[in-house]
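Okay, so here's the structure we're looking at.
Residue numbers (the working numbering), protein chains in the order written: chain A, 4 to 260; chain B, 4 to 260.
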């Protein structure tokens, strides 16, 4: 089986004016990226869009057509600017009724807290027809899954709880492993031989990351592959290449992490 | 003059496998968002894409067609995975020669540092034909501007230095001002009346943000508009609405920030 055949991909849509204005600094992209990597899912694109119907619909439709899974964060609260459920219903061409199960979950929590039921709060029980709920252990208001699209809250702690809830429902790809080689020379010194090794090992992805702001020059080379034997073979060659560069520069052998 | 006529917009493309794998957590989106807000530019969409030619070209072309400005971060270093300059040249249909001015900037720095000139390092002097350079005060390797697209480094400190360098070349829109009203009740309590006020003031954007993890329930309402008089009129009505909700809940008057 090739890597390609077994590839599972994801796209993410981050929804919210507050991210685009800078008022809120997003941390959900990094959380979804880590989550996908752990499951062997390749996150291939993220879009950050405002609370605007057409833009959300366009982003969700573009990504759901090309990815195995789509994850969204934001816009499922009780106020007028929370229009994600409306946009997803429009993207799938379905209605958006009050969902009895979602309403029951919310009413149970509201009863415990002595919170009144009103129209704004009931917005959170509107779920596109045909969707399954994603349990929210933090504040009860559920997310939902429709087709390959998973709609989650924007509040980071709730989003992470929803990811945990839906993890068992996702199929992962082959787990991608990584090896890091630390070089005590700059990117420019090893860029040429690294490119040659990348060409020799197309199924091992080689990334090069300069470490700024350290006392000494450092470059981290990160090799990733789903093929463990190939990964270690390529890593040996990268280590040898870095060792040669170190010797030329008069420093010791490279570290691996 | 209406707000629309004077609207200046921006899109951003974050380029790099390391963001999508979770290995690096992006902080450049927030920095560009803050930068745009300060200049009165509306950041309307961000895309995070991998180090893949076609995907970068598609994202840049989509956003440069619909935004006043596009900002990119990442992929302009010396290694084989740094293909942003190649992608921008392809998006604009121009060549990518070594730029004499960029080469001179780099060679001056390399001479000071005793760094050898090689093919990998010279990749950083490749600039699309017709582009202007963006000075990099941190590590000398320049960014560039071509058409409405501004290509910057991914290393956050360098990207911020490049933003500072290009700020005087950008036209800002009318500066958008904001007023924050803090409510000591949940979003669900005020969602209904807030939606009515939003409908009454379409040119004042009203966002509602629950504050999680505090001892007491809090909601921040952020009003934004380029029209100061209208903003303050709407803010007075929001304060009155929140005061009424507070009175009903038996708590004091709302705070403004």
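Even glycine gets a Cβ: it sits at the ideal position worked out from N, Cα and C.
Specify, as a first and last residue, the run of the beta strand (DSSP E) that residue 223 (chain A) falls within.
-> To locate residue 223 (chain A), count along the first chain from 1; it is residue 220. First-last of the beta strand (DSSP E) with residue 223 (chain A): 221-228.
Beta strand (DSSP E) containing residue 213 (chain B): first to last residue?
-> The sequence position of residue 213 (chain B) within the second chain is 210, counting from 1. Unbroken beta strand (DSSP E) run through residue 213 (chain B): 208-214.
Compare the C-beta of residue 185 (chain A) against all C-beta atoms of chain B and say whether one is closer than 8 Å.
-> Within the first chain, the letter at position 182 stands for residue 185 (chain A). Residue 185 (chain A) does not count as touching chain B.
What separation, rounded to the nearest whole angstrom, lies between the Cα atoms of residue 123 (chain B) and residue 47 (chain A)?
-> One-based indexing of the second chain puts residue 123 (chain B) at position 120. One-based indexing of the first chain puts residue 47 (chain A) at position 44. Cα to Cα, residue 123 (chain B) sits roughly 27 Å from residue 47 (chain A).
Determine the extent of the beta strand (DSSP E) in which residue 35 (chain A) is found, giving its start and end residues.
-> To locate residue 35 (chain A), count along the first chain from 1; it is residue 32. No beta strand (DSSP E) contains residue 35 (chain A), which is instead part of the alpha helix (DSSP H) from 31-42.
Taking residue 230 (chain A) as the reference, give the member of A:239, A:177, A:75 with the closest Cα.
-> As a position in the first chain, residue 230 (chain A) is number 227, starting the count at 1. The shortest Cα separation from residue 230 (chain A) among A:239, A:177, A:75 belongs to A:177.
Would you mind telling me which residues of chain A sit closer than 9 Å to residue 25 (chain B), beta carbon to beta carbon, in chain order?
-> Against the second chain, residue 25 (chain B) aligns to sequence position 22. Simply 32, 33, 34, 35, 36, 37, 38, 39, 40, 41, 46.
Exposed or buried, what is residue 21 (chain B) when buried is set at 16 or more other beta-carbons lying within 10 Å of its beta-carbon?
-> As a working mapping, residue 21 (chain B) is identified with position 18 in the second chain. When all chains shown are included, residue 21 (chain B) counts as buried.
Meets three-Cβ-pair contact criterion under 8 Å: the segment 90-99 of chain B and the segment 59-67 of chain B | yes
Along chain A, in chain order, which residues have C-beta atoms closer than 8 Å to that of residue 121 (chain B)?
-> Mapped onto the second chain, residue 121 (chain B) falls at position 118. Within 8 Å Cβ-Cβ: 191, 192, 194, 195.
Under 9 Å between beta-carbons, which chain A residues line up against residue 72 (chain B)? List them in chain order, please.
-> Start at 1 with the first residue of the second chain, and residue 72 (chain B) comes out as number 69. Result: empty, since nearest Cβ-Cβ is about 14 Å, beyond 9 Å.
In chain order, what residues of the same chain lie with their CB nearer than 7 Å to the CB of residue 204 (chain B), ignoring the 5 residues before and after it?
-> As a position in the second chain, residue 204 (chain B) is number 201, starting the count at 1. Only 233, 237 meet the Cβ criterion.
Excluding the 5 residues preceding and the 5 following residue 15 (chain B) in the sequence, name in chain order all residues of the same chain whose CB lies nearer than 6 Å to its CB.
-> The residue labelled residue 15 (chain B) in the question sits at position 12 within the second chain. 35, 49, 74.
Just grab the DSSP bridge partners of residue 15 (chain A) for me.
-> As a first step, residue 15 (chain A) must be located in the first chain, where it is residue number 12. A:49, A:74.
List the residues of chain A whose Cβ lies closer than 7 Å to the Cβ of residue 210 (chain B), in chain order.
-> Your numbering for residue 210 (chain B) matches position 207 in the second chain. Within 7 Å Cβ-Cβ: 20, 21, 84.
Taking only beta-carbon positions, decide if residue 207 (chain A) is within less than 8 Å of chain B.
-> To locate residue 207 (chain A), count along the first chain from 1; it is residue 204. No, because no Cβ of chain B sits closer than 8 Å to the Cβ of residue 207 (chain A).
With DSSP run on the structure shown, which of helix, strand or coil describes residue 130 (chain A)?
-> Counting from 1 along the first chain, the entry for residue 130 (chain A) is found at position 127. DSSP places residue 130 (chain A) in coil when its eight states are reduced to three.
Quick one: does residue 89 (chain A) have its CB under 8 Å from some CB of chain B?
-> The residue labelled residue 89 (chain A) in the question sits at position 86 within the first chain. Not an interface residue.
Supposed contact pair residue 78 (chain A) and residue 54 (chain A) - C-beta distance, whole angstroms, cut 8 Å | For this step, residue 54 (chain A) is matched to residue 51 along the first chain. For this step, residue 78 (chain A) is matched to residue 75 along the first chain. Contact holds; Cβ gap of about 6 Å.
Please classify residue 255 (chain A): is it buried, with 16 or more other beta-carbons within 10 angstroms of its beta-carbon, or exposed?
-> Sequence index remark: in the first chain, residue 255 (chain A) carries index 252 (1-based). The residue in question, residue 255 (chain A), is exposed, as its Cβ has fewer than 16 Cβ neighbours within 10 Å.
Would you verify that the beta carbon of residue 146 (chain B) is, or is not, closer than 8 Å to some beta carbon of chain E?
-> The structure shown contains no chain E; its protein chains are A and B.
Beta-bridge pairing of residue 137 (chain A) - partner residues as DSSP gives them = Residue mapping note: residue 137 (chain A) aligns to position 134 of the first chain, counting from 1. A:146, per the DSSP bridge assignment.
What do you get for residue 140 (chain A), buried or exposed, if any count of 16 or more other CB atoms within 10 angstroms of its CB means buried?
-> Sequence index remark: in the first chain, residue 140 (chain A) carries index 137 (1-based). Flag for residue 140 (chain A) reads exposed.
Along chain B, in chain order, which residues have C-beta atoms closer than 7 Å to that of residue 201 (chain A)?
-> The count along the first chain starts at 1 and reaches residue 201 (chain A) at position 198. Here the neighbours are 83.
Taking only beta-carbon positions, decide if residue 168 (chain B) is within less than 8 Å of chain A.
-> Against the second chain, residue 168 (chain B) aligns to sequence position 165. Residue 168 (chain B) does not count as touching chain A.
Within chain B, the residues that residue 28 (chain A) reaches when beta carbons sit closer than 7 Å | One-based indexing of the first chain puts residue 28 (chain A) at position 25. Within 7 Å Cβ-Cβ: 33.
Do the CB positions of residue 213 (chain A) and residue 194 (chain A) come within less than 8 Å of each other?
-> To locate residue 213 (chain A), count along the first chain from 1; it is residue 210. To locate residue 194 (chain A), count along the first chain from 1; it is residue 191. Taking 8 Å as the Cβ cut-off, residue 213 (chain A) and residue 194 (chain A) do not qualify as a contacting pair.
Check whether the Cβ of residue 51 (chain A) lies closer than 8 Å to any Cβ atom in chain B.
-> The sequence position of residue 51 (chain A) within the first chain is 48, counting from 1. Cβ-Cβ to chain B under 8 Å: yes for residue 51 (chain A).
Go to residue 177 (chain A), then tell me how far its alpha helix (DSSP H) extends in each direction, as first and last residue.
-> For the purposes of this step, residue 177 (chain A) is taken as residue 174 along the first chain, with counting starting at 1. Counting along the chain, residue 177 (chain A) falls outside any alpha helix (DSSP H), and DSSP gives it neither H nor E.
Would you check if the segment 153-165 of chain A and the segment 126-138 of chain A touch, i.e. whether three or more CB-CB distances between them fall below 8 Å?
-> yes
For the putative contact between residue 192 (chain B) and residue 224 (chain B), defined by C-beta atoms under 8 Å, what is the C-beta separation to the nearest angstrom?
-> To locate residue 192 (chain B), count along the second chain from 1; it is residue 189. To locate residue 224 (chain B), count along the second chain from 1; it is residue 221. Not really, about 12 Å apart at Cβ, beyond 8 Å.
Shortest alpha-carbon distance to residue 17 (chain A) belongs to which of A:9, A:29, A:38?
-> Here residue 17 (chain A) refers to the residue found at position 14 when the first chain is read from its first residue. Here the closest residue by C-alpha is A:29.
Where residue 61 (chain B) sits in the DSSP three-state scheme = As a first step, residue 61 (chain B) is located in the second chain; it is residue number 58 there, counting from the start. Here residue 61 (chain B) sits in helix by DSSP.
Consult DSSP for residue 184 (chain B) and reduce its assignment to one of helix, strand or coil.
-> If you number the second chain from 1, residue 184 (chain B) lands on position 181. Note: residue 184 (chain B) maps to strand in three-state DSSP.
Taking C-alpha atoms, which residue in A:209, A:244, A:241, A:242 lies nearest to residue 227 (chain A)?
-> Within the first chain, the letter at position 224 stands for residue 227 (chain A). With distances taken between Cα atoms, residue 227 (chain A) lies closest to A:209.
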